[in-house]
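Chains as they are written, first to last, in my numbering: chain A, 184 to 439; chain B, 144 to 420. Where is the CB? At the ideal position from N, CA and C, for every residue including glycine. Report on one structure; see the data block that follows.
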Amino acid sequence: MNDLFLSFIPGKSLLHRLDPRTKIIGLMVISICILNVSSLETMALVGLVFSTLVFICRLPVIHFIKSVRPMIPFFSLIFLMQFFFTEGTPILDLNLVSGTYEGLLLGGIVTLKFVFLILFAALITATTSPSGLTTGIEKLLRPLPLRYFGISSHDIAMMMSLSLYFVPMLYDNFKDLKDAQLSRGLDARKEPVKAIMSLVVPLVRMSLRSVDEVALAMESRCYTGQGRSSMHVLNFKNMDYGLFVLFILLVSCLVF
Amino acid sequence: MSIEVKELEFFYNKGTSLEKKALDRVSFSVRKGEFVLIAGGIGSGKSTLIRHFNGLLKPHSGFVTVDGIYSGDKNLRSKIGLLMQYPQRQLFGKTVFEDISFGPSNFGLEGDALKERVNEALILAGLNPDISEISPFSLSGGQMRLVALAGVLSMKPEYIVLDEPTSGLDPDNKISLLSTLKKLHSSGISVIVVSHQIDDFLPFADKVILLKKGSVAFTGSSKEYLCSASSQVPVITSLMKDMKYRGFDVAVDIFSVDEAFNEITRVMRSKGVKKDE
């Protein structure tokens, strides 16, 4: 795969070795913390935590830049909305609207919140293999009374791992298709509808076909969805327990 | 008038820890009207290389020019027809006509001229022009591949590049595709085939380029290719090589069963064995 968006990078760092469950719960805790941040100083602290983690897991910084990049238009929109529609001391005066100092501050914080949410998610997906991640989620969901709704935590985990499996495949198919249609002179600016059709129709056809094939392959190997063991046996180590204590402390600090 | 590839280098994921060199100082040229086979195993950089011909990928160093124009130029895309692997997957039109006309209409062709062009392309690809009003998805896999080929031919390319055109085809469809390619070649179009199924293309390739791990391991005529012992050769050639090794004085630059039969008969005769024995 040519692209690094939210993909797994194998390694042996501390973060790679942590139990997926710890990482998932850690992500939830840190997300709650990030959403509660209200000043730039605390945001800097979050940034510090993030940089330390990146340093520990020894991943290239470019990976994280790439995972934020596709969202830049969305972030800019949020920032500009806050900047122009918050009341306060005007610092930038355009005729219709004016940007305020308070808006700048608020916009900065809100945007950084989203950026860090994505960065931490990217950190987890980069250091956890997709199958480890689904096993972790399955184990976490197991105590829930899902079977009364006709679904097991295993079904959910299987659906997740299948979707994870399809994302890079769809992406590769899309790239090949784009290349093929570009070679035939595809120009999205000239005829956008036709351009979209020429990509979407074959992509949907290919996807439906591969979904069928995967379903057949699973069925022909007698998949029933019950009583399956997992490739990953999850064990909490001292480090995981230590982190759980930290998480509980963090959350209780926030609550009280 | 030719394609020139000079010191071409390309990396995947350049600048990250996953950086991988896909092409390493690749240089060669393809003259107009030549039939060129680019051979090499999986991961040898074949598909990466052909994506440079019409600027889908940009080289990190070195360059590709087509008739003197740098490959980044979008106008090249009508000059170089590129048919990807499993091209039947790229079909999207409600009718065969709609699909084939996609290319030329992107380059500004309209009306009767467009209809004319689509008909020509269908005939050139060896299809019956009557199918132009039916849905491409109702055709067989082999015919769908030919429709995709017609979709590229309809742009009237001067060079046509095909990625593994025979993979997954049954013998009948393979033979008809090969004869279509031969016909294209004799009508003056340069045909560049990228394939690891060399048996199919060696007999009529003017030039063979063997890629190994992203660099050119061999360039030369197909006869020369057969004689260079290091490379993979068709089954019939390895039979002849084996016979020579065992002391029969046969030629080894042989591609087809017929040729091999004639050569073996010749050698047997010269040893005094009569035909009906």
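- Message: Check for me: the beta strand (DSSP E) holding residue 441(B) runs from which residue to which?
- Response: Given a span of 144 to 420 for chain B in the structure shown, any question on residue 441(B) remains unanswerable.
- Query: Along the chain, where does the beta strand (DSSP E) that runs through residue 419(A) open and close?
  - Reply: Stepping through the first sequence from its first residue, residue 419(A) is reached at position 236. Premise fails: residue 419(A) is in no beta strand (DSSP E) and is neither H nor E.
- Item | Nearest to residue 384(A) (by Cα), restricted to the options 356(A), 400(A), 402(A) | As a working mapping, residue 384(A) is identified with position 201 in the first sequence. The shortest Cα separation from residue 384(A) among 356(A), 400(A), 402(A) belongs to 356(A).
- Message: Pop quiz: residue 321(A) and residue 305(A) are said to be a contact at Cβ under 8 angstroms. What is the actual Cβ separation, rounded to whole angstroms?
- Response: Translated into the one-based positions of the first sequence, residue 321(A) becomes position 138. Translated into the one-based positions of the first sequence, residue 305(A) becomes position 122. So it is not a contact: roughly 22 angstroms between Cβ atoms.
- Counterpart residues of residue 154(B) in DSSP-defined beta bridges: Here residue 154(B) refers to the residue found at position 11 when the second sequence is read from its first residue. Answer is 164(B).
- Query: Listed from N- to C-terminal order along the chain, which residues in the segment 292–309 of chain B have their beta-carbon within a distance smaller than 8 angstroms of any beta-carbon of chain A?
  - Reply: 294, 295, 298
- Task: Have a look at the DSSP bridge pairing and note the partners of residue 208(B).
- Result: For the purposes of this step, residue 208(B) is taken as residue 65 along the second sequence, with counting starting at 1. For residue 208(B), which the question treats as bridged, DSSP gives the partners 147(B), 213(B).
- Under 9 angstroms between C-beta atoms of residue 342(B) and residue 178(B): The residue you call residue 342(B) lines up with position 199 of the second sequence. The residue you call residue 178(B) lines up with position 35 of the second sequence. Contact flag unset, no.
- Task: Would you kindly work out how many angstroms separate the C-alpha atoms of residue 312(B) and residue 190(B), rounded to a whole number?
- Result: Taking the first residue of the second sequence as position 1, residue 312(B) is located at position 169. Taking the first residue of the second sequence as position 1, residue 190(B) is located at position 47. Taking the straight line from one Cα to the other gives about 19 angstroms.
- Query: If you measure beta-carbon to beta-carbon, which residues of the segment 196–220 of chain B are closer than 7 angstroms to chain A?
  - Reply: 197, 199, 220
- Message: I'd like to know whether the C-beta of residue 280(B) is nearer than 9 angstroms to at least one C-beta of chain A.
- Response: For the purposes of this step, residue 280(B) is taken as residue 137 along the second sequence, with counting starting at 1. Taking Cβ atoms only, chain A reaches closer than 9 angstroms to residue 280(B), which makes this a yes.
- Express the C-alpha separation of residue 248(B) and residue 218(A) in angstroms, rounding to a whole number. Numbered from its first residue, the first sequence carries residue 218(A) at position 35. Numbered from its first residue, the second sequence carries residue 248(B) at position 105. Residue 218(A) and residue 248(B): Cα-Cα distance of roughly 51 angstroms.
- Task: Go ahead and pull the three-state DSSP assignment for residue 331(A).
- Result: As a position in the first sequence, residue 331(A) is number 148, starting the count at 1. If DSSP states are grouped into helix, strand and coil, residue 331(A) belongs with the helices.
- Task: Could you tell me whether any Cβ in chain B is nearer than 9 angstroms to the Cβ of residue 312(A)?
- Result: Locating residue 312(A) in the first sequence gives position 129, counting from the first residue. So no, residue 312(A) is outside the interface.
- Query: So, residue 382(A) versus residue 353(A), is the Cβ gap smaller than 9 angstroms?
  - Reply: As a first step, residue 382(A) is located in the first sequence; it is residue number 199 there, counting from the start. As a first step, residue 353(A) is located in the first sequence; it is residue number 170 there, counting from the start. No, they are not a contact pair.
- Message: Tell me the rounded alpha-carbon separation between residue 240(A) and residue 232(A).
- Response: Position 57 of the first sequence holds residue 240(A). Position 49 of the first sequence holds residue 232(A). Rounded to the nearest angstrom, the two C-alpha atoms are 12 angstroms apart.
- Are the C-beta atoms of residue 247(A) and some chain B residue less than 9 angstroms apart? For the purposes of this step, residue 247(A) is taken as the residue at position 64 of the first sequence. Not one chain B Cβ lies under 9 angstroms of residue 247(A).
- Quick one: is residue 185(A) buried, meaning 16 or more other Cβ sit within 10 Å of its Cβ, or exposed? Walking along the first sequence from the start, residue 185(A) turns up at place 2. Bear in mind that the predicted position of residue 185(A) carries a pLDDT of just 43, short of 50, making it too unreliable to give a figure here.
- Report back the beta-carbon spacing between residue 151(B) and residue 207(B) to the nearest angstrom; my notes put them in contact at under 8 angstroms. Residue mapping note: residue 151(B) aligns to position 8 of the second sequence, counting from 1. Residue mapping note: residue 207(B) aligns to position 64 of the second sequence, counting from 1. Correct: roughly 6 angstroms between the Cβ atoms.
- Just the Cα atoms here: how many angstroms apart are residue 241(B) and residue 316(B)? Translated into positions along the second sequence, residue 241(B) becomes position 98. Translated into positions along the second sequence, residue 316(B) becomes position 173. Spanning the two alpha carbons is a distance of roughly 24 angstroms.
- Query: If you follow the alpha helix (DSSP H) that residue 322(A) is part of, which residue opens it and which one closes it?
  - Reply: Stepping through the first sequence from its first residue, residue 322(A) is reached at position 139. Its alpha helix (DSSP H) spans residues 313–324.
- Does any C-beta atom of chain A lie closer than 9 angstroms to the C-beta of residue 335(B)? The sequence position of residue 335(B) within the second sequence is 192, counting from 1. Output row for residue 335(B): interface = no.
- Query: Which residues bound the beta strand (DSSP E) around residue 273(A)?
  - Reply: Taking the first residue of the first sequence as 1, we reach residue 273(A) at position 90. Here the beta strand (DSSP E) through residue 273(A) covers 273–276.
- Query: Among residues of its own chain, excluding the 5 on either side of residue 380(B), which ones have a beta-carbon nearer than 8 angstroms to its beta-carbon?
  - Reply: As a working note, residue 380(B) is residue 237 in the second sequence. Once the five neighbours on either side are set aside, the close Cβ partners of residue 380(B) are 369, 395, 396, 397, 398.
- Counted within 10 angstroms of its Cβ, other Cβ atoms place residue 392(A) as buried (16 or more) or exposed: The count along the first sequence starts at 1 and reaches residue 392(A) at position 209. Its Cβ having fewer than 16 others within 10 Å, residue 392(A) is exposed.
- So with Cβ pairs under 9 angstroms, would you call residue 425(A) a contact of chain B? The residue given as residue 425(A) occupies position 242 in the first sequence. Not one chain B Cβ lies under 9 angstroms of residue 425(A).
- Message: Taking the alpha carbon of residue 286(A) as the reference point, which residue from 303(A), 265(A), 300(A), 297(A) has its own alpha carbon closest?
- Response: The count along the first sequence starts at 1 and reaches residue 286(A) at position 103. Nearest of 303(A), 265(A), 300(A), 297(A) to residue 286(A), Cα basis: 265(A).
- By Cβ distance below 6 angstroms, which residues in the same chain neighbour residue 419(A) in space, the five residues on each side in sequence not counted? In the first sequence, counting from the first residue as 1, residue 419(A) sits at position 236. Cβ neighbours of residue 419(A) beyond the five flanking positions: 202.
- Item | N- and C-terminal bounds of the alpha helix (DSSP H) containing residue 242(B) | What you label residue 242(B) is simply residue 99 of the second sequence in a count that begins at 1. Start and end: 239–249.
- Task: Give a yes or no on whether 9 angstroms exceeds the smallest Cβ distance from residue 227(B) to chain A.
- Result: Position 84 of the second sequence, counted from the start, is the residue given in the question as residue 227(B). So yes, residue 227(B) belongs to the interface.
- Query: Is the CB-CB distance between residue 439(A) and residue 212(A) below 9 angstroms?
  - Reply: As a working note, residue 439(A) is residue 256 in the first sequence. As a working note, residue 212(A) is residue 29 in the first sequence. Contact flag unset, no.
- Item | Selected residue, minimal CA-CA separation from residue 149(B), among 158(B), 172(B), 383(B) | If you number the second sequence from 1, residue 149(B) lands on position 6. Of 158(B), 172(B), 383(B), the residue nearest in Cα terms is 172(B).
- Task: Give a yes or no on whether 9 angstroms exceeds the smallest Cβ distance from residue 377(A) to chain B.
- Result: Your numbering for residue 377(A) matches position 194 in the first sequence. Yes - at least one Cβ of chain B is within 9 angstroms of the one on residue 377(A).
- Does DSSP put residue 369(A) in a helix, a strand or coil? Start at 1 with the first residue of the first sequence, and residue 369(A) comes out as number 186. Here residue 369(A) sits in coil by DSSP.
- Message: Helix, strand or coil, according to DSSP, for residue 355(B) in the structure here?
- Response: Here residue 355(B) corresponds to residue number 212 of the second sequence, with the count starting at 1. Strand, per DSSP.
- For residue 295(A), which residues of its own chain have a beta-carbon under 6 angstroms away from its beta-carbon, when the five flanking residues on both sides are left out? Counting from 1 along the first sequence, the entry for residue 295(A) is found at position 112. Answer for residue 295(A): 226, listed in chain order.
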